[in-house]
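As structure tokens, the structure follows; a few thoughts come after it.
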Amino acid sequence: LFPYTTLFRSRDVANDAVDEVVHPEMEELTSVLTEGAGEYSSENVRRLPVCFGLKSHHGRYVVAEANGAMNANRGHFLTWERFVPKYHGSKVTMRSYHGKYAVAEANGAMNANRPWEQAWEKFDVVWSGNKVGFKSHHGKYVVAEATGALNSNRPWMHSWEKFDVVKCAGGVPNTRRLPSCIGLKSH
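Its first residue numbered 16, the sequence shown is counted upward by one per residue in our numbering.
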């Protein structure tokens, strides 16, 4: 009946099983911003890993603090420095370890304090070689300042606006599950 086969994949995201419908013909239409290949190019389509960290030009990792602030001042890559992407067409949202989404505020500040995924929480992913940049809803690029601050206030994408993508070891953060075999001890 249909010229393609619909595939179903299940994956765990924070204890919620999500069924994802994959349409092969849509894979060709998926586009992300690719520097040097036109503004909306489907050429060299790349996706972020299921769990990733961002290392700045200054050698520091991006972090979502417990209070919702975002910085690029960590010398280590542990749990608070991990993000889980979710694609919305050519845009991506980034969920922090604390379960909140990264947002580019109108004033250029970057936070990870949103419980929803609306326009300000969605970013264009812009690849430049092996590095990645993020363009906000406001048309500005995310930047790691030399001071360790993280902002989204640059009209360009130069070295401070590009990040190395680091895959997480050990899977998706914040998936609080019990081990497959446990023992319980009473008082």
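All C-beta atoms in this analysis are idealised placements derived from N, C-alpha and C, irrespective of residue type, glycine included.
For the stretch 106-173, not one full-length alpha helix (DSSP H) segment reaches 4 residues or more. For L69, the pairing in a beta bridge is given by DSSP as V180.
Beyond the five residues adjoining it in sequence on each side, P170 comes within less than 7 Å, by CB distance, of K155 in the same chain, given in chain order. Residue pairing for R89: DSSP places it in a beta bridge opposite Y76. Here S71 is near W175, since their CB atoms are less than 9 Å apart. Take K106, set aside five residues on each side of it, and the residues of its chain with a beta-carbon closer than 7 Å to its own are K137, F138 and D139, in chain order.
The beta carbon of A117 lies closer than 6 Å to those of M109 and A127 in the same chain, with the five residues before and after it left out. A81 and H113 have their C-alpha atoms some 7 Å from each other.
Counting the other CB atoms within 10 Å of its CB gives K182 a total below 16, which places it among the exposed residues.
Following the DSSP letters along the chain, one finds P100 inside the beta strand (DSSP E) bounded by residues F98 to H103.
The alpha-carbon separation between A161 and H73 amounts to approximately 7 Å.
Going by C-alpha positions, F149 is about 15 Å away from G104.
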